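In what follows, a structure is listed as structure tokens, so that the remarks can point back to it.
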Amino acid sequence: MAAKRKSKNTEALFRDIIRGTLPPPPDLTVSEWADAYRKLSSESSAEPGQWRTDRAPYQRAIMDAVNDPELEKIVIMSSAQVGKTELILNTLGYHIDFDPAPIMIMQPTVALAQSFSKERLAPMIRDTPAIKNKVSDAKSRDSGNTTLQKSFPGGYVAMVGANAPSGLASRPIRILLADEIDRFPVSAGTEGDPLSLAEKRTNNFYNRKKIFVSTPTNKGTSRIEVEYELSTKERWNLACPSCDAFQPLKWAQIIFDSHSAACEHCGAVHNEYEWKSQPGKWIQENPGARSRGFHLNELVSPWKKWHEIIAEFLEAKKKGQEAMKVWVNTSLGETWEEEGEEVDADGLDGRRERYAAEVPEGVSILTAAVDTQDDRFEIEVVGWGRGKESWGIEYQVIYGDLNQPQIWNDLDEYLSRTWSKQDGRRFGISCTCMDSGGHFTQEVYRFTKARETRRIYAIKGKSAKPGDYTPLVAGYSRTKLSKAILVSLGVDDGKARIMSNLQLEEVGPNYCHFPEGRGYGTEYFKGLTAERLETRYEKGIPYKVWRKVRNRNEPLDVRVYNIAALEILNPNLEKEYAIGTVKRKKKRRKSTRGVT
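Numbering (UniProt numbering), first residue to last: 1 to 596.
What follows is the structure in structure tokens.
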């Protein structure tokens with residue numbers, strides 16, 4: 001009887017479906033779905049609970065562009081702190097729940113893809129009831145669900161790293177969500193541009209969608225800038241509280257002292273709350289484009305206050321061009337344009353100074369670097385002060401046969417030296433980085449292993465692959481035979497820092513001082529500027545590479561190693577300066593006792 005009743009109920013259900021008496025799923029946009037169903041997780045949001053698009057109204061048009069059947073590509077070039085990751089998650093949740101499809105999320109690396117899955121996607125699935133029961137847990141026996149792949153009725157989401165060609169293997173993809181594309185490598189192994197490979201996976205779908213998101217990097221090599229320039233180029237405009245003229249908020253409008261902004265039309269000044277309370281709209285600069293592109297900076301973000309942005313700008317300005325580059329990219333959402341990719345050696349030669357002592361007064365710590373050649377060691381000792389202001393102390397070359405112990409003894413004796421300030425205080429070398437490349441690698445390992453207590457470390461330079469970024473101090477390991485500490489260095493990062501610092505004309509943070517004599521002659525400055533940054537192309541994708549313009553570049557190499565030595569030490573230079581000031585005052589008071 002029960003089975004017969006169940007059969008009749010099933011028949012009735014199908015009759016209702018055929019007759020159209022059951023309503024179809026509501027026709028929601030991505031933003032409407034998010035407002036109705038999306039829950040923000042406590043571990044990934046400062047405002048957990050129900051999603052509200054009105055919290056950041058500029059997000060609505062971006063999300064709803066996904067529902068435009070005539071639109072294939074959406075580009076978001078933005079700063080940090082504007083909710084761009086949430087836009088990706090909302091798009092993903094919408095498709096899992098309402099429009100299932102095969103989806104791919106691309107991150108720059110496999111490690112970042114795993115982090116995204118565990119730290120952002122998993123909490124969203126767990127806390128959003130509408131999709132919680134549609135996606136099995138990665139720990140379940142369902143083989144379709146792992147950390148990097150989640151299956152759901154009608155589709156799946158695969159998370160891949162742009163650095164792993166296997167993840168980009170032939171699989172059909174209708175929705176491509178590519179995050180931080182400016183951090184993608186130029187090539188996925190030998191397969192070519194990873195973004196182009198992923199785009200090809202969508203070709204079988206007439207209703208495909210491609211969403212490219214990134215904070216920009218360098219002008220001329222930024223992927224997201226190229227995509228944005230080909231798009232509608234839309235900026236979020238706010239109405240002036242006084243004259244109602246719509247305008248995108250720009251850094252030039254910000255008034256530091258009052259944390260306010262001036263209207264670019266009427267000149268009226270209003271505070272942050274007044275500006276952000278005004279109605280806003282997207283205005284297109286290139287309305288005929290086939291893709292929609294959106295640009296955002298932190299000035300419109302509800303999660304970042306103007307006084308914080310101003311403080312971060314002032315701090316970055318103190319730290320120098322590398323910090324300013326990060327600020328321009330992440331706060332303004334704009335590309336950084338390198339100034340002067342080649343530094344003039346004659347200009348540096350002409351600004352040498354006469355020091356009052358071996359160690360100038362502003363120095364708190366000494367580092368050293370050793371470049372290993374077949375017939376010599378080239379050594380530079382550098383002094384460091386507040387704000388990483390630097391003073392070349394001495395450039396020394398020790399000649400000899402590296403197969404004989406004498407030159408190694410000479411090197412050890414030199415690195416044991418001290419240098420004095422005008423008041424008599426003496427300084428030893430706090431950390432030394434020694435090149436282990438060339439024909440004497442094992443000898444270098446034995447030398448540094450025996451002197452690790454003096455912080456003398458072997459280093460190995462590592463040039464980044466085209467389009468990749470390797471930090472200056474890229475990692476530590478132990479060598480197999482001698483068990484010496486080996487520090488891997490991202491030399492490209494070090495060279496970029498040096499060239500930025502050498503262009504500074506104002507004495508202060510990151511400025512480089514050079515003495516008269518002490519090995520700092522014309523040949524030194526030619527070697528320090530022996531390379532320049534050039535743009536090259538691999539399969540049509542631009543990237544930056546350092547190229548020699550002169551054969552001898554040892555001074556540049558040892559300055560990179562010195563910067564690495566400072567980073568390994570990681571001293572509090574402000575504190576060191578304060579301690580030195582106290583010692584100096586005590587010494588002066590002591591020397592003046594009894595004087596009438």
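Here a beta-carbon is modelled for each residue, glycine too, at the ideal position from N, C-alpha and C.
Keep in mind it's a predicted model, so treat the numbers as computed, not measured.
Nonlocal neighbours in the same chain, by C-beta distance under 7 Å from G48, ignoring five residues either side
Strictly speaking, residue 48 in this sequence is Pro, with Gly absent from that position. Cβ neighbours of P48 beyond the five flanking positions: L40, S41, S42.
Check your understanding: Does the Cβ-Cβ distance between G400 and D435 come in under 9 Å?
Key -> no
Same chain only: Cβ atoms within 6 Å of K118, ignoring 5 sequence neighbours per side: none
Use the C-beta contact count for Y228: other C-beta atoms within 10 angstroms, 16 or more gives buried, fewer gives exposed. buried
* Take R446 and list the residues in its own chain whose beta-carbon comes closer than 6 Å to its own, dropping the five residues that flank it on each side. => S482
Quiz item: Which residues in the same chain have their Cβ closer than 8 Å to the Cβ of A188, if we skip the five residues on either side of it in sequence?
Solution: A162, N163, A164, P165, L168, P194, L197
Quick one: any contact between the region 168-182 and the region 98-110, if contact means 3 or more CB pairs under 8 Å? yes
Handout entry: Buried or exposed by the 16-neighbour rule on C-beta atoms within 10 Å, applied to Y476
Key = exposed
ask   = Do you know whose CA, among T335, R60, R126, D257, lies nearest T217's CA?
value = T335
Under the three-state DSSP convention, the category A316 falls into
helix
task = Find out if the Cβ-Cβ distance for the pair W391, F514 is shorter than 9 Å.
result = yes
May I have the straight-line CA-CA distance separating R547 from I283, to the nearest angstrom? 42 Å
Point to revise | Coarse secondary structure for Y399, derived from DSSP in three states | key: strand
| message | On the CB-based measure, 16 or more other CB atoms within 10 Å of its CB, does K219 come out buried or exposed? | response | exposed
So who's on the other strand from W564, going by DSSP bridges? Before going further, note that residue 564 is Ala rather than Trp in the sequence given. Per DSSP, none; premise fails for A564.
Next on the checklist: Using only CA atoms, which one of L249, P302, G517, I365 lies nearest to I568?
Outcome noted: I365
* Under the three-state reduction of DSSP, which class applies to N90: helix, strand or coil? -> helix
Measuring straight from C-alpha to C-alpha, what distance separates S151 and A564? 46 Å
| said: Cutting at 6 Å between CB atoms, please list the residues of its own chain near S488, excluding the five before and the five after it. | reply: K460, K462, A474, G475
query: Which one of E394, D54, G508 has the shortest CA to CA distance from R559?
result: E394
Buried or exposed (CB count within 10 angstroms, at least 16 for buried), T21 | Caution applies to T21, whose pLDDT of 43 falls short of 50 and renders its modelled position unreliable; the value that the coordinates give is listed next. Exposed is the call here.
- prompt: Does DSSP classify W336 as helix, strand or coil?
  reply: strand
Identify, in the order they occur along the chain, each residue of the same chain with its Cβ nearer than 7 Å to the Cβ of D27, setting aside the five sequence neighbours on each side.
none
* Asked: Okay, do the region 92-101 and the region 118-132 touch, 3+ Cβ pairs below 8 Å being the bar?
  -> yes
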